[in-house]
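Below: one structure, written as structure tokens.
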Amino acid sequence: MLYREAGDFKTTYVADMQTFPIRGERILFWLFVAFCFAVVPFFITGYWEKSILVPFLVWSMIALGLNILTGYCGQVSLGTGGFMAVGAFACYKLTTAFPELNIVLVIILSGAVTAGVGMLFGLPSLRIKGFYLAVATLAAQFFLVWCFNKFGWFYNYSASGQISMPTRTLFGVAVTGPDAPPWATYLVSLTFVFVFAWVARNLTRGRLGRSWMAMRDMDIAAQIMGISPFNAKLSAFAISSFYVGMGGAMFFAIYLGAAEVTEAFGIDKSFDALFMIIIGGLGSILGSFLGAAFIVVFPVFLKNVMVGGLGWSTDLAAHVEIMTVGALIIFFLIVEPHGLAQIWRLTKEKLRLWPFPY
Amino acid sequence: MNRAVDPRELKVHRDDGVAKGDVLLEVKDVSLRFGGVKAITKISFDVRKGEIRAIIGPNGAGKTSMLNVINGFYTPQEGTITFRGVERRAMRTTDAARQGIARTFQNIALFKGMTTLDNIMTGRITLQKSNLFAQAVWRGPALREELEHRHRVEEIIDFLEIQHIRKVPVGRLPYGLQKRVELGRALAAEPALLLLDEPMAGMNLEEKEDMSRFILDVNSQFGTTIALIEHDMGVVMDISDRVVVLDYGRKIGDGSPEEVSKNQDVIDAYLGVPHE
Ligand SMILES: Nc1ncnc2c1ncn2[C@@H]1O[C@H](COP(=O)(O)OP(=O)(O)OP(=O)(O)O)[C@@H](O)[C@H]1O
Ligand SMILES: [Mg+2]
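Now the structure itself:
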């Protein structure tokens, strides 16, 4: 009797805590995942890989990372580009020093190195907040980029100052370097993002996630409930940087193939990441994906429609892009701070009630 | 009364090693200044285990400051606090929480972006132990722990009759309900000492009656010791065992509600007799 009751409670709470509580939605989600893993690789072209899918996935990883820090824990960061660079250079150093090391491991270790660096640059957050913290992380951005430029050790003293990714294989298939087939780079990126999005979801719904959100919403009350700002903020910096570092490593190793630090990891990357989470939705896993999709896909779309379709000049298209993104950021900041994810949620609620809105 | 959960099931499992009726908290000669402002001057009083202790006084008397001293948020310039037999002056607020002091705030300090459920779950954060990797996979120990705490939190939700707002972000709730959620969050920590700063401020009569009932139930059913600040004298007379009265940062009365209400200094303070 007792046993059954306990079992009952468990199933109900577990069911209650599901990511997709509605069965239909769950089925759709898994169908979509199956499609991404089992169908897309057969049809993916070089164009789709390089212009849309791989950058989307890599940026999703980075946006997830920044969203943990800014969306969940409320610590603004303008250092994302710098932390991506840490991931990229860690990946380069590791894979050139230990060519035998599995690429998956290299990327994860690059994330770990970035987590350490991120924690270090997160220390000021224990003293300062908001705008001042943003400036401190901006300093991190410039310092890190300067560092990777200044010391030849980081780029193995290459004459061009560039780092370039050698070919690395996984199960005998090249996943980095010029010969990597589109389906392989796509599948590696997809697997990484899928696994770590799931981890992010788990971390944000448990104790750690609640300690971050408590810090974000009311730091004094959080302390009075026994949440140490040191643990909460630094763990957010560490885990966020872990994601951003892995993203940076993937950005360099899988997407770019070769990189020059000021060009690949400049301040514009920090802003891109910030725009993604604002437009997608602060404090939302789904929002990180929607924001990344928007910032990556929208310019491609505009280019195809305006330059390809309407015959406008590329310059004009670029300006229209900047203006639209800018307008949207203002729109979301004022009208819908929870971003596209919230719009998606509301639409779903309407659909569920339709046609009887009671 | 019709409740899903018998509050008696909700035992405080934090054994504070103090017998009922003994001194749980002793405040001794505490003074607190902000620059030139003397918020508290040489105040001493105690809170006994199992009682409801009211702290009253006119606006600016130093009541909130007193609670802030008790839970380590302010460090007094003079005096000592002894909680569960351990004496201290300066401490970190997080340590006060771990020793079993929980509180609510005069101006609600809920986590606005989080749901009712998450807010109350946050109250149990010091009781949760699972490590990063267990949390990352959301299986085994982390999930078991989460469910165990969820179970407790659901009991509190039933007790406070707030099942219907479980999944609502608290920022969207009306004031009275927010106060109730905040009580739930403090209760979730299973505190040895519960500090309530004006739990009924801004409520209508019905809400006040509900809140009084909850406070009395918490005290009698869970055996939680409560120190509360309240302006409504009717409520104070009804629910408190002993009252301490502050005025301009000094203690001017201490005793049972009847004693205090007959105290001439207290009457003067409330009627606004000018200070010489
Ligand atoms: N952080 C602070 N800095 C400076 N002065 C403060 C601070 N906190 C409180 N005070 C002052 O200390 C005195 C006591 O304030 P406190 O908030 O403890 O009063 P209270 O009894 O809670 O009043 P109320 O009934 O209005 O809540 C007031 O004069 C107040 O201005
Ligand atoms: Mg007060």
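Chains A and B, in that order, give the protein sequences.
Take -8 as the starting number for the first sequence in my numbering and just add one per residue.
Take 13 as the starting number for the second sequence in my numbering and just add one per residue.
Where is the CB? At the ideal position from N, CA and C, for every residue including glycine.
Under 8 Å by Cβ, that's how I've got residue i and residue j pegged, so tell me the actual separation to the nearest angstrom.
i                      : j                      : result
residue 241 of chain B : residue 208 of chain B : 7 Å
residue 80 of chain A  : residue 154 of chain A : 7 Å
residue 215 of chain B : residue 188 of chain B : 5 Å
residue 264 of chain A : residue 60 of chain A  : Actually they do not touch by this definition, with Cβ atoms about 10 Å apart.
residue 220 of chain A : residue 208 of chain A : Not quite, the Cβ-Cβ distance comes to about 13 Å (not below 8 Å), so this is no contact.
residue 364 of chain B : residue 178 of chain B : Nothing in the structure corresponds to residue 364 of chain B, since chain B is present only between 13 and 288.
residue 75 of chain A  : residue 187 of chain A : Not a contact, Cβ separation roughly 15 Å.
residue 198 of chain B : residue 135 of chain B : 6 Å
residue 248 of chain B : residue 267 of chain B : Wrong, their Cβ atoms sit about 13 Å apart, outside the cutoff.
Relative to the C-alpha of residue i, which candidate in the options has its C-alpha closest?
i                      : options                       : result
residue 260 of chain B : B:57, B:72 and B:130          : B:72
residue 185 of chain B : B:232, B:147, B:127 and B:164 : B:127
residue 206 of chain B : B:114, B:142, B:67 and B:139  : B:114
residue 201 of chain A : B:133, B:254 and B:161        : B:133
residue 111 of chain A : A:225, A:290 and A:294        : A:225
residue 274 of chain A : A:303, A:318, A:204 and A:218 : A:204
residue 236 of chain B : B:63, B:39 and B:51           : B:63
residue 190 of chain A : B:87, B:151 and B:47          : B:151
residue 269 of chain A : A:86, A:244, A:331 and A:231  : A:331
residue 244 of chain B : B:223, B:262 and B:231        : B:223
residue 173 of chain A : A:5, A:245, A:324 and A:321   : A:245
residue 139 of chain A : A:292, A:84 and A:119         : A:84
residue 238 of chain A : A:206, A:285 and A:183        : A:183
residue 177 of chain A : A:40, A:119 and A:122         : A:40
residue 333 of chain A : A:272, A:287, A:305 and A:55  : A:272
residue 260 of chain A : A:293, A:105, A:327 and A:57  : A:57
residue 213 of chain A : B:60, B:49, B:52 and B:106    : B:106
residue 162 of chain B : A:197, A:126 and A:133        : A:197
residue 54 of chain B  : B:176, B:263 and B:255        : B:263
residue 226 of chain B : B:194, B:144 and B:255        : B:194
residue 131 of chain B : B:80, B:196 and B:74          : B:196
residue 144 of chain A : A:126, A:124, A:93 and A:87   : A:87
residue 98 of chain A  : A:235, A:262, A:284 and A:130 : A:235
residue 317 of chain A : A:262, A:109, A:299 and A:302 : A:262
So the alpha helix (DSSP H) residue i belongs to, where does it begin and stop?
i                      : result
residue 108 of chain B : 105 to 111
residue 317 of chain A : 305 to 325
residue 225 of chain B : 217 to 234
residue 162 of chain B : 152 to 171
residue 69 of chain A  : First-last for residue 69 of chain A: undefined, no H or E at that position.
residue 203 of chain A : 198 to 208
residue 122 of chain B : Where residue 122 of chain B is concerned, there is no enclosing alpha helix (DSSP H), given that its DSSP letter is neither H nor E.
residue 16 of chain A  : 14 to 25
residue 128 of chain B : 128 to 134
residue 143 of chain B : Element bounds for residue 143 of chain B: n/a, residue is neither H nor E.
residue 123 of chain A : 121 to 141
residue 102 of chain A : 94 to 113
Please list the terminal residues of the continuous beta strand (DSSP E) segment that includes residue i.
i                      : result
residue 239 of chain B : 237 to 241
residue 193 of chain B : First-last for residue 193 of chain B: 187 to 200, but that is the alpha helix (DSSP H), not the beta strand (DSSP E).
residue 32 of chain B  : Neither: residue 32 of chain B is in no beta strand (DSSP E) and is coded neither H nor E.
residue 67 of chain B  : 64 to 68
residue 57 of chain B  : 49 to 60
residue 92 of chain B  : 90 to 95
residue 267 of chain B : 262 to 267
residue 209 of chain B : 205 to 209
residue 259 of chain B : 254 to 259
residue 100 of chain B : 98 to 100
Would you check whether ligand 3 has a heavy atom nearer than 6 Å to the C-beta of residue i?
i                     : result
residue 46 of chain A : Inclusion of ligand 3 in the displayed structure is not the case, the ligand content consisting of ligand 1 and ligand 2 alone.
TODO: Please name the residues in the segment 150 to 179 of chain B whose beta-carbon is closer than 7 Å to at least one beta-carbon of chain A, in chain order.
DONE: Near chain A, meaning a CB-to-CB distance below 7 Å, the residues of the segment 150 to 179 of chain B are 150, 154, 158, 159, 162 and 163.
>> Tell me which residues pass a beta-carbon proximity test against ligand 1: closer than 6 Å to any heavy atom, given in chain order.
In response: Those residues having their beta-carbon less than 6 Å away from any non-hydrogen atom of ligand 1 are, in chain order, B:46, B:49, B:51, B:69, B:71, B:72, B:73, B:74, B:75, B:76, B:77 and B:118.
Residues of the segment 142 to 159 of chain A in Cβ contact with chain B at a cutoff of 8 Å, in chain order, please.
Answer in chain order: no residues at all.
Please identify, using Cβ separations under 8 Å, the residues of the segment 4 to 19 of chain A that lie next to chain B, in order along the chain.
The residues in question are 4, 5 and 8.
* To do: Would you list, in chain order, the members of the segment 122 to 140 of chain B that have their beta-carbon closer than 8 Å to a beta-carbon of chain A?
  => Of all residues in the segment 122 to 140 of chain B, only 122, 123, 124, 125, 126, 130, 133, 134, 135, 137, 138 and 140 place a beta-carbon less than 8 Å from a beta-carbon of chain A.
* Asked: Got a sec: which bits of the segment 62 to 88 of chain B sit with their beta carbon under 8 Å from any beta carbon on chain A, in order along the chain?
  -> Cβ contacts with chain A: 83 and 85.
message = Output needed in chain order: residues of the segment 203 to 218 of chain A with a Cβ under 8 Å from some Cβ in chain B.
response = Against chain B - using a Cβ distance shorter than 8 Å - the residues of the segment 203 to 218 of chain A are 204, 205, 207, 208, 209, 211, 212, 213, 214, 215, 216, 217 and 218.
query: If you measure beta-carbon to beta-carbon, which residues of the segment 176 to 199 of chain A are closer than 7 Å to chain B?
result: With the criterion set as a beta carbon lying under 7 Å from some beta carbon of chain B, the members of the segment 176 to 199 of chain A are 190, 193, 194, 197, 198 and 199, in sequence order.
Q | Contact set between the segment 307 to 337 of chain A and chain B, restricted to residues whose Cβ is under 8 Å from the partner | A | Per Cβ criterion, the list is empty.
request  = May I ask you to list, following chain order, the residues of the segment 258 to 277 of chain A that have a beta carbon less than 8 Å from some beta carbon of chain B?
outcome  = Against chain B - using a Cβ distance shorter than 8 Å - the residues of the segment 258 to 277 of chain A are 274.
Q: For the segment 184 to 207 of chain B, enumerate the residues whose C-beta is nearer than 8 Å to any C-beta of chain A, in chain order.
A: Answer set for the segment 184 to 207 of chain B: 197 and 201.
Q. When you check each C-beta in the segment 107 to 119 of chain B against every C-beta of chain A, which residues fall closer than 9 Å?
A. The segment 107 to 119 of chain B vs chain A, Cβ under 9 Å: 107, 108, 109, 110, 113, 114, 115 and 117.
Taking only beta carbons into account, state which residues of the segment 93 to 121 of chain A come closer than 8 Å to chain B, listed in chain order. Against chain B - using a Cβ distance shorter than 8 Å - the segment 93 to 121 of chain A contributes no residues.
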